[in-house]
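*Asks:* Sequence order for the protein chains is A and B.
Going by my numbering, the first sequence opens with residue 20, and the numbers climb by one from there.
Going by my numbering, the second sequence opens with residue 19, and the numbers climb by one from there.
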Amino acid sequence: MAEHTLAPPLSEVDVRKLTLEDSVLINGTVFGIRDATQIRIFDEGIQPPVDLSGSVCLHTAPGVRKLPNGKYEKLSVGTTTSTRMDRFVPGLLERYRVRALVGKGGLSQTSVDAMQKFGGVYLAIVGGAAALETMQIEEIEDVWWEDLMPECLWKFRVKNFGPLVVAIDSLGHSLYRNVQELAAERIRQFGFG
Amino acid sequence: MTPSDSHSTPDIHIYETLELVARDLYIKALQEIPPDVRAGLSHGLETEKCDGNQTAGRILLVILDNIRVADEQKTLVCQDTGLPIFKVLVGERLNIDIARLKESLRRGCVRATAERPLRSNTVHPLTRKHTGTNTGHGIPVIKLDVVPDSDLIEIQMAPKGSGSENMSFLKMLNPSEGVKGIKKFVLQCIFESGARPCPPMIVGIGLGGTSDVAMSLAKEASTFRHIGSRSSDPDVAKLEEELLGKINETGIGPQGLGGTTTAMAVNIEWAHTHISQNPVAVNIQCWRGERAEVVLDGNGKATWK
């Protein structure tokens, strides 16, 4: 288990170095995306207004307060379950060259295959640890598609964001799959299979 | 003793007090993790350290660190402000207007949402239109019961998050499937939930009753029972112990990334059931185990637990 500190934009080489259970901290830009953001990109076919190549995207809809100068103040930023947005993963990687997704709950085998093919990783954050996550977000730098509030496209500046666990690497491995296979085996051994 | 002697009339401001208490319960539950949950998480960390599981240990450290940050900075532990649920036990000797009590609890939720402010989660199930207040038709959920020989109001409040609530299950098993069928169903639910309910979790199980009662008992078990408590029925207590052991043996672990701390507790609540029924309900609470408790006397004096 190695420890890494990464600063996006990330190259394919950067993410291919990461292996299961490595610990990752991120400094710099992280984009926030959620269901509605990706429905707009993929189902409505609207290009994202910002270049996402090499980016790290976080599955979130932050709690924010709008300030008189038009900027947003963070109130509580946490992570939502990634499983719901699984179908967008191959498109994010292939078409927009996103290199890392940060979420909780894991992704399907289709996404694991896409990570391997296009060079991407899934970094597990601790779900529910919003107090810490909010503190690690230094500023909300930009926001697009405010009509989707709170599921806009967010640009956060983060410092020592994590620790994140490499839960799906770019070599076809998934920690979730390993754990599920073990759990299924144990349940069979109980005689409940 | 005449009826007038055995009943007490509460302070005239009791309903305003209840409104403020409901507001503060909602905010406290989101900011302060209960002591039994903290102990459960710390125990999990020790277990994972002994097992040498670095990933699981790291996750539990982050969780405990997150709780510390929320304590110090008075911030929300998790961004999910949940759906508000109240469990209210009213002393039978108190002459309280139940309709006004319920309205006070609702108003407390509206005030917490506006004044803190909190993200509102309540939407219409078909139109998905937001109410913006964390209240609405049937929300807050209020579970009310009357306690004999008491003139107190005991309130427990839980803002139930969706990640764990979405992992709810009910099965009307055949009586012939017996206890083995119950165990098998619970293990299947845990397997199916995997990483999604934010383990290490509290597993609530409702046995018996009718279908709705089973589900309600499961919620009571996951949300209002304390970690470390055991059922007073020895057979049920034995099943709690056995299932906790088996769930942790699955190796799902903290956040579903492997380890032995999958659940901090398995709590079972039960009711008698029909000769031809064997209902089993499962409801899960996430690691946050959010819950706040207060006791009010008739003068509106609050004792926070």
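The beta carbon of each residue, even a glycine, is placed where N, CA and C say it ideally should be.
Going by DSSP, which residues form a beta bridge with Cys76 (chain A)?
*Replies:* Looking at the DSSP output, Cys76 (chain A) sits in a beta bridge with A:Phe50, A:Leu120.
*Asks:* By the three-class DSSP mapping on this structure, what secondary structure does Gly307 (chain B) have?
*Replies:* Three-state result, Gly307 (chain B): coil.
*Asks:* If I'm right that Gly82 (chain A) touches Arg137 (chain B) with Cβ under 8 Å, what's the distance once you round it to whole angstroms?
*Replies:* 5 Å
*Asks:* Roughly how many angstroms separate the alpha carbons of Arg207 (chain A) and Gln273 (chain B), rounded to a whole number?
*Replies:* Between the alpha carbons of Arg207 (chain A) and Gln273 (chain B) lies a distance of about 22 Å.
*Asks:* Measure from the C-beta of Arg102 (chain A) to each C-beta in chain B and report whether the shortest distance is under 8 Å.
*Replies:* Checking the sequence, you will find Thr at residue 102 (chain A) rather than Arg. Yes, Thr102 (chain A) counts as interfacial toward chain B.
*Asks:* Tell me, which residues are paired with Leu261 (chain B) by DSSP?
*Replies:* Bridge partners of Leu261 (chain B): none, in fact.
*Asks:* With a threshold of 8 Å between beta carbons, is Leu86 (chain A) in contact with chain B?
*Replies:* no
*Asks:* Keeping to the same chain, check which residues put their C-beta closer than 8 Å to that of Thr56 (chain A); ignore five residues upstream and five downstream.
*Replies:* Trp164, Leu167, Glu170, Cys171, Leu172
*Asks:* Who does Thr153 (chain A) pair with in a DSSP beta bridge?
*Replies:* DSSP output for Thr153 (chain A) lists no bridge partner at all.
*Asks:* Whose C-beta lies closer than 7 Å to the C-beta of Ala132 (chain B) among residues of the same chain, with five residues either side of it excluded?
*Replies:* Here the set comprises nothing.
*Asks:* For chain A, find out if any of its Cβ atoms is closer than 8 Å to the Cβ of Cys127 (chain B); answer yes or no.
*Replies:* no
*Asks:* Can you pull out the residues from the region 231-259 of chain B whose beta carbon lies closer than 8 Å to at least one beta carbon of chain A?
*Replies:* none
*Asks:* Determine the burial state of Leu112 (chain B): buried for a count of at least 16 other Cβ atoms within 10 Å of its Cβ, exposed for fewer.
*Replies:* buried
*Asks:* Met15 (chain B): buried (16+ other C-beta within 10 angstroms of its C-beta) or exposed?
*Replies:* The shown model of chain B, from 19 to 323, leaves out residue 15 (chain B), and the question about it has no answer.
*Asks:* Check whether chain A comes within 8 Å of Val95 (chain B), counting only Cβ atoms and requiring the distance to be less than that.
*Replies:* yes
*Asks:* For His23 (chain A), name the three-state secondary structure that DSSP assigns.
*Replies:* strand
*Asks:* Is DSSP giving Ala186 (chain A) helix, strand or coil here?
*Replies:* strand
*Asks:* List the residues of chain A whose Cβ lies closer than 8 Å to the Cβ of Leu205 (chain B), in chain order.
*Replies:* Ile206, Phe209, Phe211
*Asks:* By the three-class DSSP mapping on this structure, what secondary structure does Gln273 (chain B) have?
*Replies:* helix
*Asks:* Looking at the structure shown, is Ser250 (chain B) part of a helix, part of a strand, or coil, going by DSSP?
*Replies:* coil
*Asks:* Is Arg76 (chain B) close to chain A, meaning its C-beta is less than 8 Å from at least one C-beta of that chain?
*Replies:* Output row for Arg76 (chain B): interface = yes.
*Asks:* Residues of chain B with CB closer than 7 Å to the CB of Gln199 (chain A), please, in chain order.
*Replies:* Gly212
*Asks:* Using a Cβ-Cβ cut-off of less than 7 Å, give me the residues of the region 141-165 of chain A that come near chain B, in sequence order.
*Replies:* Ala143, Val145, Gly146, Gly147, Ala148, Ala149, Ala150, Leu151, Thr153, Met154
*Asks:* Can you tell me whether Ile65 (chain A) is buried or exposed? The criterion is at least 16 other CB atoms within 10 Å of its CB, across all chains shown.
*Replies:* exposed
*Asks:* Check the DSSP bridge columns for Ser193 (chain A) and list the partner residues they point to.
*Replies:* A:Ile187
*Asks:* Under 9 Å Cβ-Cβ, which residues of chain B neighbour Lys123 (chain A)?
*Replies:* Gly181, Ala213, Arg214, Cys216, Gln273, Gly274
*Asks:* Under a three-way DSSP split, which group does Met233 (chain B) fall into?
*Replies:* helix
*Asks:* Taking DSSP as the reference, what is the three-state secondary structure of Asp167 (chain B)?
*Replies:* coil
*Asks:* Closest Cβ-Cβ distance between Val49 (chain A) and chain B: below 8 Å?
*Replies:* no
*Asks:* Straight-line CA distance for Pro52 (chain B) to Ser247 (chain B)?
*Replies:* 14 Å
*Asks:* Chain D beta carbons: is any one of them nearer than 8 Å to that of Gly138 (chain A)?
*Replies:* Absent from the structure is chain D; the protein chains it does hold are A and B.
*Asks:* Per DSSP, which residues does His148 (chain B) bridge with? Please list them.
*Replies:* The secondary-structure analysis by DSSP pairs His148 (chain B) across a beta bridge with B:Val141.
*Asks:* Which class does Arg134 (chain B) belong to by DSSP, given the choice of helix, strand or coil?
*Replies:* coil
*Asks:* Considering only C-alpha positions, which residue in the set A:Lys36, A:Thr98, A:Gln199, A:Ser130 is nearest to Val145 (chain A)?
*Replies:* A:Thr98
*Asks:* Would you be able to state if there are at least three C-beta pairs under 8 Å between the region 125-132 of chain A and the region 25-33 of chain A?
*Replies:* no
*Asks:* Looking at the structure shown, is Gly95 (chain A) part of a helix, part of a strand, or coil, going by DSSP?
*Replies:* It should be noted that the sequence gives Ser, not Gly, for residue 95 (chain A). Three-state DSSP puts Ser95 (chain A) in a strand.
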